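For reference, the structure discussed in these notes is given below.
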Amino acid sequence: RSLAKEGKERNISQIVASVREILREGERLKVFSKSILGVGIGSPGPLNTKKGVIHFAPNLPGWNNVPLMQILRDELNLPIFVENDANAAALGEWWLGAGKNVDNLVLLTLGTGIGGGIIIEGEVLHGAWDTAAEIGHMIIHEGGLTCGCGKQGCLEAYASATGVVKRTLAAIEKGEKTLLINLVENRLEDITCELIFKTAEKGDSLAKWIVEETARYLGIGIASIVNIINPEMVILSGGMIAAGDILFKPVRKYAQKNALAAAIKEVKIVPAALGGNAGAIGAAATVLKKKSLL
44 RSLAKEGKER
54 NISQIVASVR
64 EILREGERLK
74 VFSKSILGVG
84 IGSPGPLNTK
94 KGVIHFAPNL
104 PGWNNVPLMQ
114 ILRDELNLPI
124 FVENDANAAA
134 LGEWWLGAGK
144 NVDNLVLLTL
154 GTGIGGGIII
164 EGEVLHGAWD
174 TAAEIGHMII
184 HEGGLTCGCG
194 KQGCLEAYAS
204 ATGVVKRTLA
214 AIEKGEKTLL
224 INLVENRLED
234 ITCELIFKTA
244 EKGDSLAKWI
254 VEETARYLGI
264 GIASIVNIIN
274 PEMVILSGGM
284 IAAGDILFKP
294 VRKYAQKNAL
304 AAAIKEVKIV
314 PAALGGNAGA
324 IGAAATVLKK
334 KSLL
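Residue numbers (this note's numbering): 44 to 337.
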């Protein structure tokens, strides 16, 4: 693992070092029965998956128009395959996780932002320019809160962990009373999404309202996805799903309320099964897909 702030060159060198270490360990343990098929990489985007070029990564400073595929090919002398990180997570859950044996599914990653991956008939939906499944940038409130992308009213601005904290702080600044203030000893910058959910479980009225509204926004977003994509399953992943039923129950309620009855009737809304490993497993699956082995 590396930190984004360490810079592009350092991050890439760590990727190369990690792959080389895996190869050495594999040789030592004699687990590679055949030649290496390739290396799968899950990367934030937007990116060009065919060329392996990262156009722009908001949370990775300096990663603009980076030809990652070519750089890693030159360093490792192996086939390299680059996939959007949320797509990779969706593919991982489809292959070995919550979506195993499900042909059509949608995955939402709920963390600092909101990402998405869509699997249709067992294949990742990329779209014409590799920007399919940008679910976090679905507009749910025209002219609403400003998102990190610069647009207003995105789902991410309301229902990501960042959005949850911002909406809570805005309510406190307006004078809303909450246990959160005492819990952080008036250091409002210490309020986290996790703390808000835990405080809601204790019955705090503001925290409960924030969680309910977050679930409503997510449910509305999921309802729209279900109406358009008609998946069998919607998988929620990322740090926010640790909240459990206090989030999932109202999300399901609002999805049911807002989607077409025929579309939502059989849809399962479930937590991811693979945790932080989904992206890595999906990156491996990407290689197998490219080699027509999956």
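Glycine included, each C-beta is placed from N, C-alpha and C at the ideal position.
It should be emphasised that the depicted structure is a prediction, and the values quoted were computed from it without experimental measurement.
Taking the Cα positions, Lys194 is about 10 Å away from Met181. Cys197 sits in a strand when the DSSP states are folded into three classes.
By the 16-neighbour rule on beta-carbons within 10 angstroms, Thr189 is exposed. The way I'd put it, the segment 286-302 doesn't touch the segment 54-65; fewer than three beta-carbon pairs between them come closer than 8 Å. With contacts defined by Cβ atoms closer than 9 Å, Gly156 and Gly105 do not form a contacting pair. Three or more beta-carbon pairs separated by less than 8 Å link the segment 115-128 to the segment 315-331, which places the two stretches in contact. Partner residues in a beta bridge of Ile234, as assigned by DSSP, do not exist. Nearest Cα to Ile268 within the set Ala47, Val149, Gly88 and Glu166: Val149. In this chain, Phe99 is not harboured by any alpha helix (DSSP H); it is covered by the beta strand (DSSP E) spanning Val96 to Phe99. Between Gly160 and Ala132, the gap from beta carbon to beta carbon is short of 9 Å. When the alpha-carbon of Leu238 is set against those of Thr211, Glu52 and Gly218, the nearest one is in Thr211. One Cα belongs to Leu119, the other to Pro87, and the distance between them is close to 21 Å.
Around the C-beta of Gly170, fewer than 16 other C-beta atoms lie within 10 Å, and the residue is accordingly described as exposed. Per DSSP, the beta bridge partners of Lys311 are Met276. Nearest to Gly186 by alpha-carbon distance, out of Glu177, Ala200 and Gly179, is Ala200. DSSP, read as helix, strand or coil, puts Ile123 in strand.
Between Leu115 and Ala47, the beta carbon gap of about 18 Å keeps them out of contact (Cβ cut-off 8 Å). Here Ser78 is exposed. Its C-beta has fewer than 16 other C-beta atoms within 10 Å. Of the candidates Leu121, Ala315, Tyr260 and Glu166, Tyr260 places its Cα closest to the Cα of Ser203.
With a cutoff of 9 Å on beta-carbon distance, Leu222 and Asp247 are scored as near each other. The beta carbon of Arg63 lies closer than 8 Å to those of Leu119 in the same chain, with the five residues before and after it left out.
Ranked by Cα distance from Trp252, the first of Ile289, Asp117 and Val96 is Ile289.
Between Val167 and Asn144, the C-beta spacing is not below 9 Å. Comparing C-alpha distances from Glu177 to each of Gly196, Gly165, Leu151 and His184 shows the shortest one belongs to Leu151. Contact fails between the segment 107-114 and the segment 299-306, because fewer than three Cβ pairs, one in each stretch, are under 8 Å apart. If you compare the alpha carbons of Leu249, Met283 and Ala323 with that of Lys217, the shortest gap goes to Leu249. Within the DSSP secondary-structure output, Val109 pairs in a beta bridge with Ile97.
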